[in-house]
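In what follows, a single structure is set out as structure tokens and then discussed.
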Amino acid sequence: MTPDFSTADLVDDHGDTLRSCSTQFRRYGGRAVFSGRIRTVKCHEDNGLVKQVLDTPGEGAVLVVDGGGSLRSALMGDMIAAAAVENAWAGVVILGAVRDTRALGGLDLGVKALGSNPRKSAKDGAGRLDVPVAFGDVVFVPGEWLYSDEDGIVVNATEI
59 MTPDFSTADL VDDHGDTLRS CSTQFRRYGG RAVFSGRIRT VKCHEDNGLV KQVLDTPGEG
119 AVLVVDGGGS LRSALMGDMI AAAAVENAWA GVVILGAVRD TRALGGLDLG VKALGSNPRK
179 SAKDGAGRLD VPVAFGDVVF VPGEWLYSDE DGIVVNATEI
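Counting from 1 along the sequence shown, just add 58 to a position and that's the residue number in my numbering.
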């Protein structure tokens, strides 16, 4: 089911209570509009934690991955994204790269990333889970709510 909102309307209705992410992401997933409670991973060129988290029940949450903006290797590909769909995640936002972009487009998952790279990342599980991460003039706090559509990403402390 597609959520019934537009980020522009949310900003019009809620003004400065919403935080708008200024980072310009590309859309890769098959779901253009998505929202959910925020979970986070902070990592650098290592997707071990990303895989670990998306292999657990998402319950409609959105995983925000601070990959430091690195485009040298992908932090998510089709297999990890397929696990996210199976585990009922609404979406994944990656400050970094993805791979298998054609396959990602066919999955019912919101996926936004800076770009793509076919190179695999390390799998050591280095990084931090469920800590506040900041980029694009927004601090993404685990437990808060993210709303994303074609116009961008907004965050609110509570569900709207």
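Cβ atoms here follow ideal geometry from the backbone N, Cα and C, with glycine treated the same way. In this text, all values refer to a predicted model and were calculated from it rather than measured experimentally.
Give me the Cα-Cα distance between residue i and residue j, rounded to the nearest whole angstrom.
| i | j | result |
| --- | --- | --- |
| G73 | V199 | 19 Å |
| L162 | D70 | 31 Å |
| D166 | A141 | 11 Å |
| V111 | P176 | 22 Å |
| I138 | R157 | 10 Å |
| G94 | A146 | 11 Å |
| L133 | G126 | 11 Å |
Where does residue i sit, in a helix, a strand or coil, going by DSSP?
| i | result |
| --- | --- |
| K109 | helix |
| V69 | helix |
| V143 | helix |
| D104 | strand |
What is the C-beta distance between residue i and residue j, in whole angstroms, given that I count them as a contact (C-beta under 8 Å)?
| i | j | result |
| --- | --- | --- |
| F83 | P61 | With a Cβ gap of about 18 Å, F83 and P61 do not count as contacting. |
| A192 | L172 | With a Cβ gap of about 15 Å, A192 and L172 do not count as contacting. |
| K100 | V189 | 6 Å |
What residues match up with residue i in a beta bridge as DSSP calls it?
| i | result |
| --- | --- |
| D207 | G210 |
| T98 | V122 |
| V150 | L121 and V169 |
| R186 | K100 |
| A161 | None, per the DSSP bridge assignment. |
Tell whether a beta-carbon distance below 7 Å holds between residue i and residue j.
| i | j | result |
| --- | --- | --- |
| G106 | G210 | no |
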